[in-house]
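Colleague: Residue numbers (my numbering): 2 to 192. Quick one: the structure is below, and I'll ask about it shortly.
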Amino acid sequence: MLKSMDVLMVGVGGQGTILASKILVHVAGAAGYDIKMSEIHGMAQRGGSVSTQVRLGDKVYSPLIEEGKADAILAFEKLEALRWLPYLKKGGSLIINDQAIAPVPVLAGLAEYPEDINGYIRSRVPGMLAVDALKIATECGNPKAANVVLVGVLAKRLPLPKELWQKALEARVPAKFLEINKAAFERGYNL
């Protein structure tokens, strides 16, 4: 059993970041961990930043992850990965959905979307994994399952039993979308 783990999930409103976090919380709870979760919605319905912090361990006292302390960051969008990069601890795991969603200042022509975010991040986190989760989810039958593709990628890298992840999907995903999400999870898990 893990002593503790801090996972930061970051994205843009509408990408399913909070559902992904709730799946992780469900799994960690079923595995017997104490869990704390914090979520922040920054104008989420308008394409704003969304972040959730999930801390699990024998005993967790605060839901907030300090800068430089996240064991893993699961980024649903590249710019959000860049924004939250300082929170990743040295040697931590970084999984990025290789998708760019322009924030409002870029859409308004007030700023430019940074070039080669993945290259910049890879120069600081050589083991960073970029995944085209949107493409994989579309192949599974629904682009909205990209979040579950990413959950599958994360699940493979965490010491939590696969069957708990599958049960969490059954508990958290509506029945009419369950089979597509199970397929999306499997594709991410097997990357």
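Where a beta carbon is used, it is the ideal one built from N, C-alpha and C, also for glycine.
Can you have a look at Glu164 and say buried or exposed, based on whether 16 or more other CB atoms are within 10 angstroms of its CB?
Modeller: Against the sequence shown, residue 164 aligns to sequence position 163. By the neighbour-count rule (16 or more Cβ atoms within 10 Å), Glu164 is not buried but exposed.
Colleague: List in chain order: all unbroken beta strand (DSSP E) runs of 3+ residues lying wholly within the segment 31 to 83.
Modeller: Within the segment 31 to 83, the complete beta strand (DSSP E) runs of at least 3 residues are 35 to 42, 50 to 58 and 71 to 76.
Colleague: If you drop the 5 nearest sequence neighbours on each side, which residues of the same chain put their C-beta closer than 6 Å to that of Leu57?
Modeller: On the sequence shown, residue 57 is found 56 positions in, with the first residue counted as 1. The answer, listed in chain order, is Met6, Ala29, Tyr34 and Ile36.
Colleague: Could you check if Gly120 is buried or exposed, using at least 16 other CB atoms within 10 Å of its CB as the buried criterion?
Modeller: What you label residue 120 is simply residue 119 of the sequence shown in a count that begins at 1. Under this definition Gly120 is an exposed residue.
Colleague: Who does Ala131 pair with in a DSSP beta bridge?
Modeller: For the purposes of this step, residue 131 is identified with residue 130 of the sequence shown, where counting begins at 1. DSSP, once it has assigned bridges, lists Ile97 as partnering Ala131.
Colleague: Taking the beta strand (DSSP E) that Leu165 falls in, what are its first and last residues?
Modeller: Residue numbering aside, residue 165 sits at position 164 when the sequence shown is read from its first letter. Not the beta strand (DSSP E): Leu165 falls in the alpha helix (DSSP H), residues Lys163 to Arg173.
Colleague: If you follow the beta strand (DSSP E) that Gly12 is part of, which residue opens it and which one closes it?
Modeller: Residue numbering aside, residue 12 sits at position 11 when the sequence shown is read from its first letter. Note, Gly12: beta strand (DSSP E), Ser5 to Val13.
Colleague: Check each candidate in Ala32, Asn98, Glu67 and Ala71 and name the one with the smallest Cα separation from Ala18.
Modeller: As a first step, residue 18 is located in the sequence shown; it is residue number 17 there, counting from the start. According to the sequence provided, residue 18 is Thr. The question's Ala does not apply to it. Of the listed residues, the one whose Cα sits closest to Thr18 is Asn98.
Colleague: For Tyr88 and Leu155, which I take to be in contact (beta-carbon distance under 8 Å), what is that distance rounded to the nearest angstrom?
Modeller: Here residue 88 refers to the residue found at position 87 when the sequence shown is read from its first residue. Here residue 155 refers to the residue found at position 154 when the sequence shown is read from its first residue. The pair is not a contact, with the Cβ atoms about 16 Å apart (cut-off 8 Å).
Colleague: Going straight from the alpha carbon of Trp85 to that of Asp59, what length do you get?
Modeller: The residue labelled residue 85 in the question sits at position 84 within the sequence shown. The residue labelled residue 59 in the question sits at position 58 within the sequence shown. Approximately 26 Å, taken between the alpha carbons.
Colleague: Tell me Leu89's beta-bridge partners as DSSP assigns them.
Modeller: Stepping through the sequence shown from its first residue, residue 89 is reached at position 88. Bridge partners of Leu89: Ala71.
Colleague: How long is the line joining the alpha carbons of Lys90 and Glu171, rounded to whole angstroms?
Modeller: For this step, residue 90 is matched to residue 89 along the sequence shown. For this step, residue 171 is matched to residue 170 along the sequence shown. For Lys90 and Glu171, the distance between alpha carbons rounds to 32 Å.
Colleague: Considering only residues of the same chain and omitting the five flanking positions on each side of Ala76, which have a CB-CB separation below 6 Å?
Modeller: Looking up residue 76 in the sequence shown gives position 75. Excluding residues within five positions, the ones whose Cβ falls inside 6 Å are Val11, Ala82 and Ile97.
Colleague: Helix, strand or coil for Pro104 per DSSP?
Modeller: For this step, residue 104 is matched to residue 103 along the sequence shown. Pro104 falls in the coil class under three-state DSSP.
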